[in-house]
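Colleague:
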Amino acid sequence: MKRNLYFKWLFASALLCMGVGSVTAGGKKTACPEAKNYLYRITLADKDGTPFKIGKPEKYLSVKAIERRKRQGLAVDSTDLPLSPKYVKAIAKAGHRIVGQSKWNNTLLIQGADSAKMEGLISLPFVKEVKKVWRSPDSIAVQERESYASELVLPKSDKAASHYGVADYQIGLLNGKPLHDAGFRGQGITIAVFDGGFMNVDKIPAFQNVRILGTRDFVYPRCADVFTQPDHGTAVLSCIATNQPGMYVGTAPEAEFWLMRCEDVQIESLAEEDFWTMAAEFADSVGVDLISSSLGYTTFDDPSMNHRYAEQNGRVALNSRTASKLASKGIVLVNSAGNLGMGTWKKINFPSDAFDILSVGALSPDKVNARFSSIGPTDDGRIKPDVMSLGNPGQTIDGSGKIAGINGTSFACPILAGMVACLRQALPDLPAKDIVELVRRAGDNYSTPNNIFGYGIPDFYKAYQLGLGGR
């Protein structure tokens, strides 16, 4: 959600400003190429007629996805089965363009200009629900690609104090250095980064040694190149992946990455939860071990779509339902708690209300919670956020290729996610739910958790020791 993506310091004051790192041509706008179009979410009643069987997952799951489940002792279930092809064919035959789907939620995302015709699908016996989730805006902002620095330069006020450079404190706060020293730097772990764009990651020299396996765009309309989109994801990725000794070293510099665009920075709509869900299922399909998502949703351009606090139970919002399934697939989700602590909502976002994930709040260097950091509990009374990390500010590399201190839970999230990847490497056979619980148990507030700090600041070397047998 672009309103929640991150905060930046402006001028030399303590003024906080929300932004997404996009670059516009002097605020210019252009007509939307998809004028008078809609997206509808179609929920199917069942998977009747699917030719696939739970006992033969090799027909619809990748080898890596199957191996990850086996390694953690997790069973394939009916949610893994693809949608009923006869239902999908019937929707398409009726003249509807299918632009996405979710097998875990048994939904289709369809696009068209005739809203009445799409809403009429509710009359079909195999359609359970029809819900409008997006309407094309009249105009969109014109974006331009930023120029980038040819080399990484330390800010004048900083000195390369250690191997980690300006990122020294943010890994030190989580006691992550001993894990790195033990050889656990994310090697062999695949991380999916969910965001709204990764501007210049393909050009900035500081990222040239980052292991990027691929990119995908799930936003409709699709963009041609995620590296031309806003730089929020660039800054997020830097917290984990950068490996420039003496200048900036992230928390999992030897991991591999999938970069996934599932956030539309130009509008706010429920369809973004469909995009997020599609990204999560793709991440599963390519064998991802961990997802770092600095995204969250509460309110939308169409107020009738806004979430209510009563829905915050991990089972209502589409992306929250999806997030609650990830651990049962063997994937650890680390999600930013949100930056709404100073607003009227104040609470965490969706999908941070999901079960068996790590939602991350933001700390200042003095270990005080950032005022903007969203709080809990969930509506059903669970402690949130789960844990805390540095995010007021976090040290990042922005779309211009320069080191920048930026405020937001968006950066507390990947800083911590990188350490979870190292823990995952160190304890490869442990189920995802156990990894989540280890991180909570290693928090300095574990014995007295609350809805501001959650279980506190995790000590990742302690989590590793607990995982080795101290449980």
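Quick note: the sequence shown, position 150, residue 135 per the numbering used here, numbers continuous.
For every residue, glycine included, the Cβ atom is placed at its ideal position computed from N, Cα and C.
Every value quoted in this text rests on a predicted model; they were computed, and no experiment measured them.
When DSSP labels each residue in this structure, what does R293 get in the three-state scheme?
Modeller: The residue labelled residue 293 in the question sits at position 308 within the sequence shown. R293: coil per DSSP, three-state reduction.
Colleague: Please identify the residue among C247, D31, P70, K71 whose C-alpha is closest to the C-alpha of F183.
Modeller: Here residue 183 is taken as the residue at index 198 of the sequence shown, counted from 1. Checking every option, the nearest Cα to that of F183 belongs to C247.
Colleague: Going by C-alpha to C-alpha distance, which of D166, G40, S313, K332 sits closest to Y282?
Modeller: Locating residue 282 in the sequence shown gives position 297, counting from the first residue. Comparing Cα positions, the closest option is K332.
Colleague: Mind checking L453: buried by the 16 CB within 10 Å criterion, or exposed?
Modeller: Position 468 of the sequence shown, counted from the first residue, corresponds to residue 453. Counting Cβ neighbours within 10 Å, L453 comes out exposed, since fewer than 16 surround it.
Colleague: Where G171 and A226 are concerned, what is the direct C-alpha to C-alpha distance, given to the nearest angstrom?
Modeller: Taking the first residue of the sequence shown as position 1, residue 171 is located at position 186. Taking the first residue of the sequence shown as position 1, residue 226 is located at position 241. G171 and A226: Cα-Cα distance of roughly 9 Å.
Colleague: What did DSSP end up calling A75 once you bin it into helix, strand or coil?
Modeller: Along the sequence shown, read from residue 1 onward, the residue named residue 75 stands at position 90. Three-state result, A75: helix.
Colleague: Put P443 into one of helix, strand or coil per three-state DSSP.
Modeller: For this step, residue 443 is matched to residue 458 along the sequence shown. DSSP places P443 in strand when its eight states are reduced to three.
Colleague: Out of P413, P336, V250, L408, point me to the one whose CA is closest to K447's CA.
Modeller: Along the sequence shown, read from residue 1 onward, the residue named residue 447 stands at position 462. When only C-alpha atoms are compared, the closest one is L408.
Colleague: Report whether the distance from the Cβ of G157 to the nearest heavy atom of the ligand MG is below 7 Å.
Modeller: With respect to small molecules bound, the structure shown includes none, and the ligand MG cannot be examined in it.
Colleague: Let me check understanding here. Comparing Cα to Cα, which of P238, V317, A152, A209 lies closest to P416?
Modeller: Position 431 of the sequence shown, counted from the start, is the residue given in the question as residue 416. Measuring from the Cα of P416, the nearest candidate turns out to be V317.
Colleague: Please work out which residues of its chain come closer than 7 Å, Cβ to Cβ, to E43, disregarding the five sequence neighbours upstream and downstream, and give them in chain order.
Modeller: Taking the sequence shown and counting its residues from 1, one reaches residue 43 at position 58. I51, listed in sequence order.
Colleague: Starting from the C-beta of I437, find all residues in its chain whose C-beta is less than 7 Å away, skip the five residues before and the five after it, and write them out in chain order.
Modeller: Taking the first residue of the sequence shown as 1, we reach residue 437 at position 452. Once the five neighbours on either side are set aside, the close Cβ partners of I437 are N354, I360.
Colleague: Using 8 Å as the Cβ pair cut-off and three pairs as the minimum, do the stretch 109 to 122 and the stretch 21 to 32 touch?
Modeller: Yes: the two stretches touch, three or more of their Cβ pairs being nearer than 8 Å.
Colleague: Please state whether the Cβ-Cβ distance between V178 and F267 is less than 8 Å.
Modeller: Indexing the sequence shown from 1 puts residue 178 at position 193. Indexing the sequence shown from 1 puts residue 267 at position 282. Against a cut-off of 8 Å, the Cβ pair of F267 and V178 comes out as no contact.
Colleague: Starting from the C-beta of A295, find all residues in its chain whose C-beta is less than 8 Å away, skip the five residues before and the five after it, and write them out in chain order.
Modeller: Stepping through the sequence shown from its first residue, residue 295 is reached at position 310. So the list reads D364, once near-sequence residues are dropped.
Colleague: Hey, which unbroken runs of the beta strand (DSSP E) at 3 residues or more fall wholly within the stretch 242 to 268?
Modeller: Correct list: empty.
Colleague: Taking 8 Å as the cut-off, does the stretch 257 to 264 touch the stretch 299 to 312 (at least 3 CB pairs, one atom from each stretch)?
Modeller: Because the criterion of three Cβ pairs below 8 Å is met, the stretch 299 to 312 and the stretch 257 to 264 touch.
Colleague: With DSSP collapsed to three states, give me the class of M373.
Modeller: By one-based count along the sequence shown, residue 373 stands at place 388. Strand, per DSSP.
Colleague: Go ahead and label I107 buried or exposed: buried means 16 or more other beta carbons lie within 10 angstroms of its beta carbon, across all protein chains shown.
Modeller: Here residue 107 refers to the residue found at position 122 when the sequence shown is read from its first residue. Classification for I107: exposed.
Colleague: List the residues that DSSP assigns as beta-bridge partners of T28.
Modeller: Position 43 of the sequence shown, counted from the start, is the residue given in the question as residue 28. BP columns for T28 point to T92, E114.
Colleague: So the candidates are L423, N435, T433; which of them puts its Cα closest to the Cα of P443?
Modeller: Here residue 443 refers to the residue found at position 458 of the sequence shown. Nearest C-alpha to P443: L423.
Colleague: Give a yes or no on whether the C-beta atoms belonging to K352 and A322 are separated by under 8 Å.
Modeller: For the purposes of this step, residue 352 is taken as the residue at position 367 of the sequence shown. For the purposes of this step, residue 322 is taken as the residue at position 337 of the sequence shown. Contact: no.
Colleague: Should K310 be labelled buried (16 or more other beta-carbon atoms within 10 Å of its own) or exposed?
Modeller: Within the sequence shown, residue 310 is the residue found at index 325, counting from 1. When all chains shown are included, K310 counts as buried.
Colleague: How big is the Cα-Cα spacing for G6 and V250?
Modeller: In the sequence shown, the residue the question calls residue 6 occupies position 21. In the sequence shown, the residue the question calls residue 250 occupies position 265. Low local confidence applies: a pLDDT of 34 at G6 is under 50, so the model's placement there is unreliable, with the coordinate-based value given in what follows. Using only the alpha carbons, I get a separation of about 10 Å.
Colleague: Can you look up T483 in the DSSP assignment and give me helix, strand or coil?
Modeller: Only positions -14 to 456 of the chain appear in this structure, which leaves residue 483 out of reach.
Colleague: Expressed to the nearest angstrom, what Euclidean distance is found between the alpha-carbon atoms of M373 and L451?
Modeller: The sequence position of residue 373 within the sequence shown is 388, counting from 1. The sequence position of residue 451 within the sequence shown is 466, counting from 1. So the two alpha carbons sit approximately 19 Å from each other.
Colleague: Using CA atoms only, rank isn't needed, just tell me which of T433, R82, Y149 is closest to D99.
Modeller: By one-based count along the sequence shown, residue 99 stands at place 114. Cα-wise, what sits closest to D99 is R82.
Colleague: Can we say the stretch 397 to 414 touches the stretch 157 to 169, given the rule of at least three CB pairs closer than 8 Å?
Modeller: These segments touch.
Colleague: Sort K78, I420, L375, D383 by Cα distance to N160 and report the nearest one.
Modeller: Position 175 of the sequence shown, counted from the first residue, corresponds to residue 160. Here the closest residue by C-alpha is L375.
Colleague: Does Q193 pass the burial test, meaning 16 or more other C-beta atoms within 10 Å, or should it be called exposed?
Modeller: Taking the first residue of the sequence shown as 1, we reach residue 193 at position 208. Burial call: exposed.
Colleague: Tell me where the beta strand (DSSP E) around F179 begins and ends.
Modeller: Mapped onto the sequence shown, residue 179 falls at position 194. Per DSSP, F179 belongs to the beta strand (DSSP E) from 175 to 180.
Colleague: Is T64 helix, strand or coil when you go by DSSP?
Modeller: The residue given as residue 64 occupies position 79 in the sequence shown. Here T64 sits in helix by DSSP.
Colleague: Expressed to the nearest angstrom, what Euclidean distance is found between the alpha-carbon atoms of G103 and T200?
Modeller: The residue given as residue 103 occupies position 118 in the sequence shown. The residue given as residue 200 occupies position 215 in the sequence shown. Here the sequence assigns Met to residue 103, which means Gly is not the residue at that position. Cα to Cα, the separation comes out at about 31 Å.
Colleague: Here's a check: name, in chain order, each residue in its chain whose Cβ is nearer than 7 Å to the Cβ of S344, leaving out the five neighbours to either side.
Modeller: Here the question's residue 344 lines up with position 359 in the sequence shown. The residues are N320, A322, I333, S337, K369, P370, D371.
Colleague: Could you give the distance in angstroms between the alpha-carbon of G235 and the alpha-carbon of E114?
Modeller: By one-based count along the sequence shown, residue 235 stands at place 250. By one-based count along the sequence shown, residue 114 stands at place 129. Cα to Cα, G235 sits roughly 44 Å from E114.
Colleague: Where D65 and R367 are concerned, what is the direct C-alpha to C-alpha distance, given to the nearest angstrom?
Modeller: For the purposes of this step, residue 65 is identified with residue 80 of the sequence shown, where counting begins at 1. For the purposes of this step, residue 367 is identified with residue 382 of the sequence shown, where counting begins at 1. Spanning the two alpha carbons is a distance of roughly 28 Å.
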